[in-house]
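Visitor: Line by line, the protein sequences are chains P and W. Heads up: the first sequence begins at 1 in the numbering used here, then just goes up one per residue. Heads up: the second sequence begins at 618 in the numbering used here, then just goes up one per residue.
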Amino acid sequence: MKTKNVLNLSNTQNAYKSLIKHSTVGQLILHLDGKIIISNQAFLDLLSLTLSEIQLKTFWNSDFQTNRTESLQNFQTLLDSDKQCVDFEKEYAHKAGHTIWVNESVHKVYSPNQKLECILVMAVDITTAKCKYKKLKESESYLMRATEHTSAIITILDLDGTVKYVNHVVEGININEYVGSSVYKWLPKELSNSVKTNISEIKEHKQTIQFESKFEDPTRQIHYHFHDMSPIFTNSKVSGVTFVSSDISTLKNLEENLDRSKSLVELGMEAAEMGVWEWDSKEDKLIWDETVHQLLGTDSKTFVSTFQNFLSLIEESDRKIIASQNKQAFESKEIYEGHFRIIKKIDGQLRWIGYKSKFTSSDNEERTRLLGVVWDSTKERERELNRIKSKTLEKQNIELKQFAYLASHDLKSPLLTISSYSSLLLDKHQNMLDAKANTFLVIINKAAERMQTQIKDLLDYSLIGQNKKDVSINCIQLMKEVRDNLSYSIKESNCTFDIAALPIIQGYKTELSLLFQNIISNAIKYGSESIAPHIIIRCQKENKFWKFEIQDNGIGIEEQYLSRIFLLFERLHFQDEYEGTGIGLAHCKKIVELHGGEIWATSKPLKGTSFHFTLRA
Amino acid sequence: MKTKLNSILLIDDQPEDNLFHSIIIEEAKLQKKVSTVRNGIEALQFLTAEENEVPNLIFLDYAMPKMNGKEFITAFDNLDLNNKSDIKIVMLSSTLSPFDMKEVEQLQSIDLFKRKPLTTEMLVSILQEYFN
């Protein structure tokens with residue numbers, strides 16, 4: 001049976017008094033004019049005050065009020081309005097000097113007959129809470145600032161996909177529309193599905209999921225994103241998901257470019273037949289790619305790649321240089337390059353290997369890794385050696401030509417003296433000379449003449465090919481000119497010609513003219529005594545050459561001499577039989593060879609001779 | 618063993634040289650027959666001709682048409698002649714270039730290499746060296 005709360009007034013008063021007295025909430029009873037009548041211990045403890053310090057003091061004017069004007073205003077407002085109570089959060093000044101935060105509520109108290117009796121003030125210390133709140137607000141603002149500035153989009157999602165928070169939105173989207181809506185409404189289909197699936201996965205397995213996505217925008221540009229979804233726990237249960245997305249398009253592009261570059265480099269290296277190597281000097285580990293093994297003739301499966309082993313492959317005489325260069329490389333920053341010889345174990349071939357190397361570590365780091373390339377430079381070396389050789393040869397050739405020119409030039413002068421004076425004696429002083437003297441003088445003169453011709457021929461021979469003007473020559477025209485040059489001897493000997501169609505060829509005009517002239521003048525010179533010389537000239541195309549044949553009906557040449565006649569100074573007859581210096585056919589040979597061809601002769605003694613030669617077409 | 622000089626053969630394609638050398642020999646008043654031929658072929662013909670006395674001093678030129686000095690020696694070595702070892706051969710050349718020397722220095726039958734022209738001094742020293 002419920003007992004009735006029967007309290008008589010005096011009991012209520014006591015109970016009330018007791019309540020106030022023992023309450024942990026600071027309480028004050030104020031007069032309607034604001035004077036503090038009663039204070040409980042809790043209020044005094046709040047501010048470390050004694051009762052005497054506040055009793056009968058005006059509430060809003062008290063020392064503990066930090067803003068008296070505001071306090072009075074609030075008090076007045078309450079009294080004037082119909083409100084029963086008001087509460088504020090305000091600061092009180094503690095006796096020790098600092099301030100505390102309190103939640104102050106001011107209540108109207110009525111007597112039983114509804115008359116306003118007094119005012120009840122309750123004050124709760126909320127300093128700690130306030131601090132915590134302040135701190136929270138502070139970190140919240142830091143967080144806000146941080147998340148705002150990152151380019152990543154940070155979204156907090158509910159398990160059903162509702163957006164609870166987002167740090168910033170993609171351009172064109174209203175953040176107010178976004179927050180609170182379903183994220184699936186905004187994401188591209190594929191990504192949407194992934195997110196949905198991941199949320200349920202996270203809910204179940206409570207673990208972070210990371211994934212990438214690809215998206216093509218209306219301008220056909222491809223964007224790549226990286227997503228990180230992690231669970232948010234409330235009471236050990238997953239209550240939401242943090243969804244962070246970063247645009248990695250640039251990164252992806254770089255990655256693709258890098259891959260492409262890498263492939264290109266590999267392709268290039270393969271095409272150039274270059275091997276890449278790396279040497280870690282600390283661990284003495286040589287890393288070679290397959291090409292290096294190929295170039296150096298080692299087996300990638302069995303060869304132990306240390307620096308010493310590498311050195312042992314090199315030709316002994318080159319080892320020292322390589323070893324010392326290697327040592328130097330540690331001291332300076334230069335690129336090291338050079339060549340060394342190896343004898344490949346596989347086939348015993350001697351090859352030249354070129355290399356170029358550089359350190360990979362930065363300036364501050366200790367030098368430990370050398371990176372380089374090697375390639376087979378045998379052909380390069382050969383070319384270089386040939387180049388040097390041909391340069392030397394060229395130089396020698398020039399000197400020789402100069403010498404020939406100078407020698408013949410200097411010989412002409414004394415020769416002329418001999419000729420002139422012996423002629424003088426012969427012409428003017430014949431009477432004073434006996435028969436023998438005359439004979440001797442004639443011999444002298446003839447010899448001098450011969451020498452002059454010899455020198456001239458020698459000079460001409462040395463100058464063949466000097467005038468390097470390669471032109472287009474009409475051979476028919478050329479023949480006409482040659483016959484003009486030889487018109488005297490042609491007429492004298494009643495020489496006739498039978499000339500077939502001749503081509504137009506590329507060559508040196510003076511020289512070709514001489515070629516034909518020499519052969520034809522020989523044909524006339526060595527003509528038969530009984531019949532007039534008849535010369536037949538034929539020409540036909542053979543592969544890349546024009547093959548000429550100049551046939552005469554002269555005295556012919558014995559077989560044993562057919563090859564000798566092209567030698568310099570070689571003659572088959574005596575000077576008084578057929579004059580000549582023995583240079584003519586050597587000339588012809590040189591000219592033919594200048595045009596990339598060959599010359600040879602066929603003959604039947606007393607029947608005639610044929611000279612055959614080829615010229616570049 | 619030295620023998621007595623009987624006659625001299627001059628082998629040279631240049632008539633002027635043969636003439637000159639003949640004059641030099643004449644001036645030395647050796648009173649020996651001097652024959653001249655113009656190349657190796659003629660020389661072989663001369664040496665093998667019955668009516669000719671085989672000379673025991675031969676002056677041989679190097680550069681001659683159809684058969685030069687070297688080729689002559691090769692043929693000479695194959696000749697069957699009386700008292701062949703008594704025949705002294707002197708090669709007279711206008712040039713003794715290293716190239717020419719290489720061609721002939723191996724030839725055993727050549728006793729002496731000299732540069733043209735033949736002089737009296739040269740002749741005298743040869744006679745003293747090889748003949749009585």
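No residue lacks a Cβ here, since even glycine has one placed at the ideal position from N, Cα and C.
Could you tell me the alpha carbon to alpha carbon distance between Leu661 (chain W) and Asn669 (chain W), rounded to whole angstroms?
Guide: By one-based count along the second sequence, residue 661 (chain W) stands at place 44. By one-based count along the second sequence, residue 669 (chain W) stands at place 52. If I take the Cα positions, the gap works out to 12 angstroms.
Visitor: Name the chain W residues that come within less than 8 angstroms of Asp470 (chain P), Cβ to Cβ?
Guide: As a first step, residue 470 (chain P) must be located in the first sequence, where it is residue number 470. Here the premise fails: no neighbours, minimum Cβ distance about 33 angstroms.
Visitor: Given this structure, state the Cα-to-Cα distance separating Ser105 (chain P) from Thr208 (chain P), to the nearest angstrom.
Guide: Counting from 1 along the first sequence, the entry for residue 105 (chain P) is found at position 105. Counting from 1 along the first sequence, the entry for residue 208 (chain P) is found at position 208. Distance from the CA atom of Ser105 (chain P) to the CA atom of Thr208 (chain P), rounded to whole angstroms, is 48 angstroms.
Visitor: Please list, in chain order, all residues of the same chain as Glu117 (chain P) whose beta carbon is under 7 angstroms from its beta carbon, the five residues on each side excluded.
Guide: The residue given as residue 117 (chain P) occupies position 117 in the first sequence. The answer, listed in chain order, is Val109, Tyr110 and Ser111.
Visitor: Distance cutoff 9 angstroms, beta carbons only. Does Gln396 (chain P) sit that close to anything in chain W?
Guide: Here the question's residue 396 (chain P) lines up with position 396 in the first sequence. In terms of beta-carbon proximity, Gln396 (chain P) stays away from the interface with chain W, with every pair separated by 9 angstroms or more.
Visitor: Give the residues from the region 622–638 of chain W that approach chain P closer than 8 angstroms (Cβ to any Cβ), ordered along the chain.
Guide: Asp630, Gln631, Pro632, Glu633 and Leu636
Visitor: According to DSSP, is Pro112 (chain P) part of a helix, a strand, or is it coil?
Guide: Position 112 of the first sequence, counting from 1, holds the residue named residue 112 (chain P). Here Pro112 (chain P) sits in coil by DSSP.
Visitor: Check the Cβ of His573 (chain P) against every Cβ in chain W and list those closer than 7 angstroms, keeping chain order.
Guide: As a working note, residue 573 (chain P) is residue 573 in the first sequence. Those are Pro682, listed as they occur along chain W.
Visitor: If you measure beta-carbon to beta-carbon, which residues of the region 436–454 of chain P are closer than 7 angstroms to chain W?
Guide: Ile443 and Ala447
Visitor: By Cβ distance, which residues of its chain are closer than 8 angstroms to Val166 (chain P), with the 5 residues on each side in sequence left out?
Guide: As a first step, residue 166 (chain P) must be located in the first sequence, where it is residue number 166. So the list reads Ile153, Ile154, Thr155, Ile156, Ile175, Tyr178 and Val179, once near-sequence residues are dropped.
Visitor: Taking the beta strand (DSSP E) that Asn623 (chain W) falls in, what are its first and last residues?
Guide: As a first step, residue 623 (chain W) is located in the second sequence; it is residue number 6 there, counting from the start. That residue, Asn623 (chain W), is in no beta strand (DSSP E); it is neither H nor E in DSSP.
Visitor: At what residues does the beta strand (DSSP E) containing Val654 (chain W) begin and finish?
Guide: To locate residue 654 (chain W), count along the second sequence from 1; it is residue 37. Counting along the chain, the beta strand (DSSP E) containing Val654 (chain W) begins and ends at Lys650 to Val654.
Visitor: Just the C-alpha distance for Thr3 (chain P) and Ile29 (chain P), rounded to the nearest angstrom, thanks.
Guide: Numbered from its first residue, the first sequence carries residue 3 (chain P) at position 3. Numbered from its first residue, the first sequence carries residue 29 (chain P) at position 29. In this predicted model, Thr3 (chain P) has a pLDDT of only 49, less than 50, meaning its place in the structure is not dependable; the value taken from the coordinates is given anyway. If I take the Cα positions, the gap works out to 31 angstroms.
Visitor: Under 8 angstroms Cβ to Cβ from Ala447 (chain P), same chain only, skipping five residues before and after it: list those, please.
Guide: Within the first sequence, the letter at position 447 stands for residue 447 (chain P). Counting only Cβ-Cβ distances below 8 angstroms, and skipping sequence neighbours, we find nothing.
Visitor: By a C-beta neighbour count over all protein chains shown, 10 Å radius and 16 as the cutoff for buried, is Glu380 (chain P) buried or exposed?
Guide: For the purposes of this step, residue 380 (chain P) is identified with residue 380 of the first sequence, where counting begins at 1. That one is exposed.
Visitor: Is the CB of Asn749 (chain W) under 9 angstroms away from at least one CB in chain P?
Guide: Sequence index remark: in the second sequence, residue 749 (chain W) carries index 132 (1-based). It does not: the Cβ of Asn749 (chain W) has no partner Cβ on chain P nearer than 9 angstroms.
Visitor: Taking only runs that begin and end inside the region 676–737 of chain W, name each unbroken alpha helix (DSSP H) of 4 or more residues, in chain order.
Guide: 686–694 and 715–721
Visitor: Using 10 angstroms around the beta-carbon of Lys705 (chain W), count the other beta-carbons present and answer buried if the total reaches 16, otherwise exposed.
Guide: Here residue 705 (chain W) corresponds to residue number 88 of the second sequence, with the count starting at 1. Looking at its Cβ environment, which holds 16 or more other Cβ atoms inside 10 Å, Lys705 (chain W) is buried.
Visitor: Classify Gly275 (chain P) as helix, strand or coil using the three-state DSSP reduction.
Guide: As a working mapping, residue 275 (chain P) is identified with position 275 in the first sequence. Gly275 (chain P): strand per DSSP, three-state reduction.
Visitor: When the Cα atoms are used, what is the spatial distance from Ala435 (chain P) to Ile550 (chain P)?
Guide: Position 435 of the first sequence, counting from 1, holds the residue named residue 435 (chain P). Position 550 of the first sequence, counting from 1, holds the residue named residue 550 (chain P). Going from the Cα of Ala435 (chain P) to the Cα of Ile550 (chain P) covers about 46 angstroms.
Visitor: Should the region 483–501 of chain P be regarded as contacting the region 439–456 of chain P, the criterion being three or more beta carbon pairs within less than 8 angstroms?
Guide: No, the region 483–501 of chain P is not in contact with the region 439–456 of chain P.
Visitor: Ala129 (chain P) by DSSP, collapsed to three states: which one?
Guide: The residue labelled residue 129 (chain P) in the question sits at position 129 within the first sequence. Reduced to three states, the DSSP call for Ala129 (chain P) is helix.
Visitor: Considering only their Cβ atoms, is the gap separating Glu529 (chain P) from Ser603 (chain P) smaller than 9 angstroms?
Guide: As a working mapping, residue 603 (chain P) is identified with position 603 in the first sequence. As a working mapping, residue 529 (chain P) is identified with position 529 in the first sequence. No, the pair does not count as a contact, with Cβ atoms beyond the cut-off.
Visitor: Roughly how many angstroms separate the alpha carbons of Leu295 (chain P) and Ala272 (chain P), rounded to a whole number?
Guide: As a position in the first sequence, residue 295 (chain P) is number 295, starting the count at 1. As a position in the first sequence, residue 272 (chain P) is number 272, starting the count at 1. Each residue's Cα considered, the two are about 12 angstroms apart.
Visitor: My understanding is that Ile36 (chain P) touches Ile20 (chain P), with C-beta atoms under 8 angstroms, so please give their C-beta distance in whole angstroms.
Guide: Residue mapping note: residue 36 (chain P) aligns to position 36 of the first sequence, counting from 1. Residue mapping note: residue 20 (chain P) aligns to position 20 of the first sequence, counting from 1. Rounded, the Cβ-Cβ distance is 13 angstroms, inconsistent with contact.
Visitor: Checking 9 angstroms against the spacing of the C-beta atoms, do Tyr747 (chain W) and Val721 (chain W) come in under that value?
Guide: Indexing the second sequence from 1 puts residue 747 (chain W) at position 130. Indexing the second sequence from 1 puts residue 721 (chain W) at position 104. In this structure, Val721 (chain W) does not lie closer than 9 angstroms to Tyr747 (chain W) by Cβ.
Visitor: Alpha carbons only, please: which of P:Asn386, P:Asp470 and P:Asn61 is nearest the one belonging to Thr378 (chain P)?
Guide: Translated into positions along the first sequence, residue 378 (chain P) becomes position 378. For the set P:Asn386, P:Asp470 and P:Asn61, the Cα lying nearest the Cα of Thr378 (chain P) is the one of P:Asn386.
Visitor: Let me know the secondary structure DSSP gives Lys95 (chain P) once reduced to three states.
Guide: As a working mapping, residue 95 (chain P) is identified with position 95 in the first sequence. DSSP places Lys95 (chain P) in coil when its eight states are reduced to three.
Visitor: What residues of chain W sit near Asp576 (chain P), judged by a beta carbon separation below 9 angstroms?
Guide: Looking up residue 576 (chain P) in the first sequence gives position 576. Close partners of Asp576 (chain P) in chain W (Cβ separation under 9 angstroms): Pro632.
Visitor: How long is the line joining the alpha carbons of Asp576 (chain P) and Glu382 (chain P), rounded to whole angstroms?
Guide: For the purposes of this step, residue 576 (chain P) is taken as the residue at position 576 of the first sequence. For the purposes of this step, residue 382 (chain P) is taken as the residue at position 382 of the first sequence. Approximately 53 angstroms, taken between the alpha carbons.
Visitor: Using the Cβ count rule (16 or more neighbours within 10 Å means buried), how would you classify Ile625 (chain W)?
Guide: Translated into the one-based positions of the second sequence, residue 625 (chain W) becomes position 8. Classification for Ile625 (chain W): buried.
Visitor: Between Arg655 (chain W) and chain P, is the shortest Cβ-Cβ distance under 9 angstroms, so that the two count as touching?
Guide: To locate residue 655 (chain W), count along the second sequence from 1; it is residue 38. At least one chain P Cβ lies under 9 angstroms of Arg655 (chain W).
Visitor: Going by C-alpha to C-alpha distance, which of W:Thr736, W:Thr737 and W:Asp703 sits closest to Asp728 (chain W)?
Guide: Here the question's residue 728 (chain W) lines up with position 111 in the second sequence. Ranking W:Thr736, W:Thr737 and W:Asp703 by Cα distance to Asp728 (chain W) puts W:Asp703 first.
Visitor: To the nearest angstrom, how far is it from the Cα of His98 (chain P) to the Cα of Lys132 (chain P)?
Guide: Counting from one through the first sequence, the residue named residue 98 (chain P) turns up at place 98. Counting from one through the first sequence, the residue named residue 132 (chain P) turns up at place 132. C-alpha separation (whole angstroms): 18 angstroms.
Visitor: List the DSSP bridge partners of Arg369 (chain P).
Guide: As a working note, residue 369 (chain P) is residue 369 in the first sequence. In DSSP, Arg369 (chain P) forms a bridge with P:Asp280.
Visitor: Can you tell me where the beta strand (DSSP E) holding Asp247 (chain P) begins and where it ends?
Guide: Mapped onto the first sequence, residue 247 (chain P) falls at position 247. Per DSSP, Asp247 (chain P) is one residue of the beta strand (DSSP E) stretching across Lys237 to Asp247.
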